[in-house]
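Asker: In our numbering, the protein residues as written are 66 to 737. Here a beta-carbon is modelled for each residue, glycine too, at the ideal position from N, C-alpha and C. As the structure is a computational prediction, the values presented were derived from the model and not from experiment.
(1) What's the gap between the Cα of residue 102 and the Cα of residue 197?
(2) Can you list, in chain order, the residues of its chain with a C-beta nearer than 6 Å to that of residue 611? Leave out the 5 residues immediately preceding and following it.
(3) How far does the beta strand (DSSP E) with residue 239 in it extend, from its first residue to its last?
(4) Helix, strand or coil for residue 147 per DSSP?
(5) Would residue 484 and residue 528 be called neighbours here (beta carbons separated by less than 8 Å)?
(6) Who are the near neighbours of residue 213 in its chain, counting only those whose CB is closer than 7 Å to its CB and skipping five residues on each side?
(7) In chain order, what residues of the same chain have a beta carbon less than 6 Å from the beta carbon of residue 581, not counting five sequence neighbours either side?
(8) With a threshold of 16 other CB atoms inside 10 Å of the CB of residue 71, please say whether the residue is buried or exposed.
(9) Using DSSP with H/G/I as helix, E/B as strand and the rest coil, what is residue 620?
(10) What's the call for residue 272, buried or exposed, on a 16-neighbour Cβ count within 10 Å?
(11) Measure the Cβ-Cβ separation of residue 376 and residue 389 and say whether it is below 8 Å.
(12) Can you check whether the CB of residue 657 is closer than 8 Å to the CB of residue 622?
(13) Mind checking residue 542: buried by the 16 CB within 10 Å criterion, or exposed?
(14) Which one or two residues does DSSP pair with residue 672 in a beta bridge?
(15) Going by alpha carbons, who is nearest to residue 540 out of 252, 530, 551, 99?
(16) Under a Cβ-count criterion, where at least 16 other Cβ atoms within 10 Å of its own Cβ denotes burial, should residue 207 be classed as buried or exposed?
(17) Quick check: the segment 640-660 against the segment 474-482, are there 3 or more CB pairs under 8 Å?
(18) Between which two residues does the alpha helix (DSSP H) containing residue 287 stretch?
(19) Using DSSP bridges, identify the partner residues of residue 435.
(20) When DSSP builds the beta bridges, which residues end up paired with residue 386?
(21) Note down the Cα distance separating residue 678 from residue 218, rounded to an integer number of angstroms.
(22) Here's a check: name, in chain order, each residue in its chain whose Cβ is nearer than 7 Å to the Cβ of residue 130, leaving out the five neighbours to either side.
(23) So, helix, strand or coil for residue 391, using DSSP?
(24) Please look up how many angstroms separate the CB atoms of residue 447 and residue 414, rounded, as I've assumed it's under 8 Å.
(25) Helix or strand or just coil, what does DSSP make of residue 358?
(26) The beta strand (DSSP E) with residue 117 in it runs from where to where?
(27) Could you tell me which residues DSSP pairs with residue 591 in its beta bridges?
(28) Going straight from the alpha carbon of residue 99 to that of residue 500, what length do you get?
(29) Name the one or two DSSP bridge partners that residue 96 has.
(30) Using 8 Å as the threshold, is the segment 622-638 in touch with the segment 169-185, meaning 3 or more CB pairs across them?
(31) Quick one: using the 10 Å Cβ neighbour count with 16 as the cut-off for buried, is residue 300 buried or exposed?
(32) Taking residue 589 as the reference, give the member of 138, 398, 733, 132 with the closest Cα.
Here is the structure:
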């Protein structure tokens, strides 16, 4: 980077426009009105308008705040939070947990008190407190989308990358544009970044406001940088994800000053791209985004075109239309006898099943000796699809699934209300249908709702009995689990040994992906992880949530309303599901649909089920440290070409290549 180069694309331009079109009183009193006037002058609805991030932030801070609405919102939201399976564990986590503790219920109490007392100056300030409480769980199944945070994304137009010269040496951070020059004759002009805003680059990036919730520091570090796998998983195409350093819905600061090793500096302004802005002032924006019945969606309606061969990947010999599951037979260094299955999401279940099954079959026919399963970017999907993928590789091994929910009065009422539902209920109804639950042995069921509900005190949590869905009942052709129920085993025997299979991750693996990874690890399948902080030592292969089931608030709110209606109708029968007193209590403690909240609540989630391994029925997998068997850092080629990731993995795991110092035989790995 040349000395003194500065990215200030908007400051001078905006100052001139501001003076010419915005009356003085509007400039001083309402920043949303300024954005509206800029958008009117822009006059091109087909192109976004780029504005300074400070203007967008000031507009958000201008939004009105209604204490009564906000405090009522927290009261209702708390009813959903009670379903979070690990509330008490988060407050007092075991020593194996890497992240700081958090008090969810105490945090909600504090926010509610502040809201009721009118201590917030804007809706955005209130929403931000709720958002910060949410990310403090480091649990990607615990999320919420809030009205004031749905419009602006703060952008840094200079994405960064963290690259090692050989995958073993400690990486350095470069601008993405500079990093590309390392492969050209201009590489002598390129210098790594040493500081951001005067802080060491590693410390600054690690402590950026979090966009994603992961229970691993190295995974959070990775998510600050571009990733083709993450981009495909999120958007269906490579190159769309610039990393959290460059896109954040939390305020990252007005500028980033990058200090380079050669002594030069570059200052980059935070900006916001506005696609549409119909609000003439902050009051209209608040009414349009946050008040029920007035809210309007500004989401893009453009059709998404999916590439059959996504950028950054070679051409697959088999793959889904979504690019989520792809099979490859590379013929490059270290990969001559290796088949590669890339699984970027455990959705959709039927397509994923067909592709994975055909991949394994063709890999065997073509004489492949080793298998790499690339889980990079995989944030989850359908839990049965994860179990099915495991059974495609190990069809003769029973699926071990063991979960618990947090027992509380609301769950008890719901379980009683649906106790007569059949045992083939869909996954959306888990775990409330006791007839659909079995013990982890998949043999013994539960005699009653009480038998499942418990409660049992586990790590300070009133918890249910250890259970699993009845895989023989839930496995159907539209959501298959190989060899269970009506789905025949195909393949019927393992075509590759565990020692010849390796999983690749970037730490992002979460939710359904974590279920698959845990099942494979139980059979001795090794993992290599890429990236992480610029330090030697181990890194977890699964850095995302290891919860067994995330509860979508929009889905479950409607389900609960249906359950209540069924219980009310049963009052007129000889065998009512609930008493009148219980139904009255229902209104007090069971959450209502999001459409009935006092503020617009687009959606959210809680982790409904903790997941457990076969050797520990008390500590959820979420709170264990499980290092991968090997770690390598990303090289520049790895960012550009995913096939080089596979080659690097095969070198380390099959051909005796080196791992990052200190990353083998670490805590929680197969060889610890």
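Answerer: Straight from the coordinates:
(1) Indexing the chain shown from 1 puts residue 102 at position 37. Indexing the chain shown from 1 puts residue 197 at position 132. Distance between the alpha carbons of residue 102 and residue 197: 32 Å.
(2) Along the chain shown, read from residue 1 onward, the residue named residue 611 stands at position 546. Only 579, 676, 686, 687 meet the Cβ criterion.
(3) Your numbering for residue 239 matches position 174 in the chain shown. Run containing residue 239: 237-240, per the beta strand (DSSP E) assignment.
(4) Mapped onto the chain shown, residue 147 falls at position 82. Here residue 147 sits in coil by DSSP.
(5) Position 419 of the chain shown, counting from 1, holds the residue named residue 484. Position 463 of the chain shown, counting from 1, holds the residue named residue 528. No.
(6) Along the chain shown, read from residue 1 onward, the residue named residue 213 stands at position 148. Within its own chain, the residues whose Cβ lies closer than 7 Å to the Cβ of residue 213, once the five positions on either side in sequence are excluded, are 125, 128, 188, 189, 192, 354, 355, listed in chain order.
(7) As a working note, residue 581 is residue 516 in the chain shown. The answer, listed in chain order, is 451, 454, 455.
(8) Residue 71 sits at position 6 when you count from the first residue of the chain shown. Confidence at residue 71 is low in this model, with a pLDDT of 40, below 50, so its placement is unreliable and the value that follows should be read with caution. Burial call: exposed.
(9) Walking along the chain shown from the start, residue 620 turns up at place 555. The answer is helix: DSSP assigns residue 620 an H, G or I state.
(10) As a first step, residue 272 is located in the chain shown; it is residue number 207 there, counting from the start. Residue 272 sits exposed, since fewer than 16 C-beta atoms from the chains shown fall within 10 Å of its C-beta.
(11) Here the question's residue 376 lines up with position 311 in the chain shown. Here the question's residue 389 lines up with position 324 in the chain shown. Their beta carbons are not under 8 Å apart, which means residue 376 does not touch residue 389 by this criterion.
(12) Residue mapping note: residue 622 aligns to position 557 of the chain shown, counting from 1. Residue mapping note: residue 657 aligns to position 592 of the chain shown, counting from 1. Cβ distance < 8 Å, so residue 622 and residue 657 count as in contact.
(13) Residue numbering aside, residue 542 sits at position 477 when the chain shown is read from its first letter. An exposed status is given to residue 542, since fewer than 16 other beta-carbon atoms sit within 10 Å of its beta-carbon.
(14) For the purposes of this step, residue 672 is identified with residue 607 of the chain shown, where counting begins at 1. In the DSSP output, where bridge partners are listed per residue, residue 672 has 615.
(15) Working through the chain shown from its first residue, we reach residue 540 at position 475. It is 551.
(16) Within the chain shown, residue 207 is the residue found at index 142, counting from 1. It is buried - the Cβ of residue 207 has at least 16 other Cβ atoms within 10 Å.
(17) yes
(18) Indexing the chain shown from 1 puts residue 287 at position 222. Counting along the chain, the alpha helix (DSSP H) containing residue 287 begins and ends at 282-287.
(19) As a position in the chain shown, residue 435 is number 370, starting the count at 1. Residue 435 pairs with 403.
(20) Against the chain shown, residue 386 aligns to sequence position 321. DSSP, once it has assigned bridges, lists no residue as partnering residue 386.
(21) Here residue 678 is taken as the residue at index 613 of the chain shown, counted from 1. Here residue 218 is taken as the residue at index 153 of the chain shown, counted from 1. Their Cα atoms are separated by approximately 39 Å.
(22) For the purposes of this step, residue 130 is taken as the residue at position 65 of the chain shown. Within the same chain, residue 130 has close Cβ partners 185, 186, 187, 188, 191.
(23) In the chain shown, residue 391 corresponds to position 326, counting from 1. Strand at residue 391.
(24) Here residue 447 refers to the residue found at position 382 when the chain shown is read from its first residue. Here residue 414 refers to the residue found at position 349 when the chain shown is read from its first residue. Sure, about 5 Å apart at Cβ, within 8 Å.
(25) Your numbering for residue 358 matches position 293 in the chain shown. Reduced to three states, the DSSP call for residue 358 is coil.
(26) If you number the chain shown from 1, residue 117 lands on position 52. Counted as a single uninterrupted DSSP element, the beta strand (DSSP E) harbouring residue 117 occupies residues 114-117.
(27) Taking the chain shown and counting its residues from 1, one reaches residue 591 at position 526. Answer is 567, bridged to residue 591.
(28) Mapped onto the chain shown, residue 99 falls at position 34. Mapped onto the chain shown, residue 500 falls at position 435. Using only the alpha carbons, I get a separation of about 59 Å.
(29) Taking the first residue of the chain shown as 1, we reach residue 96 at position 31. Answer is none; residue 96 lacks a bridge partner.
(30) no
(31) Taking the chain shown and counting its residues from 1, one reaches residue 300 at position 235. Exposed, by the Cβ-count rule.
(32) Here the question's residue 589 lines up with position 524 in the chain shown. Of the residues 138, 398, 733, 132, the one whose Cα lies closest to the Cα of residue 589 is 733.
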